[in-house]
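I have placed the structure first, in the form of structure tokens, so that the comments after it can refer back to it.
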């Protein structure tokens, strides 16, 4: 799903509501979450003590989850500001066109 999102694929209902760059950013966030899920097993296979590996895994996984959440929140916020600006511009152009016609 993450690779498909990176390529811009999403279900039709998602594509109609969001822009392609938001879909790609969410794909990156999914890959970051997947990478966070791999850190635990990879650190357990390493030569670290189990206590050290567990501590390091929890810190890395928590950091990657916060980063992925920030990516998703940032893309959603950017999409919200973009739609708000487009709406304001459309209203401004409609008012300008209305004033010229009278």
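Residue numbers (my numbering): 17 to 118.
For each residue, glycine too, the CB sits at the ideal point set by N, CA and C.
Keep in mind it's a predicted model, so treat the numbers as computed, not measured.
- Boundaries of the alpha helix (DSSP H) harbouring residue 51: 36-61, taken from the DSSP string.
- Residue state for residue 65 is assigned as coil, using DSSP reduced to three classes.
- Look at the beta carbons and you see the segment 55-65 not touching the segment 92-106: under three pairs across the two are nearer than 8 Å.
- Proximity to residue 42 across 28, 60, 20 and 71 peaks at 20, based on C-alpha coordinates.
- When the five nearest sequence neighbours on each side are left out, no beta carbon in the same chain lies closer than 6 Å to the beta carbon of residue 86.
- Where residue 29 is concerned, the enclosing alpha helix (DSSP H) starts and stops at 28-33.
- If the five residues before and after residue 40 are omitted, its C-beta is found closer than 7 Å to the C-beta atoms of 21, 22 and 24, all from its own chain and listed in chain order.
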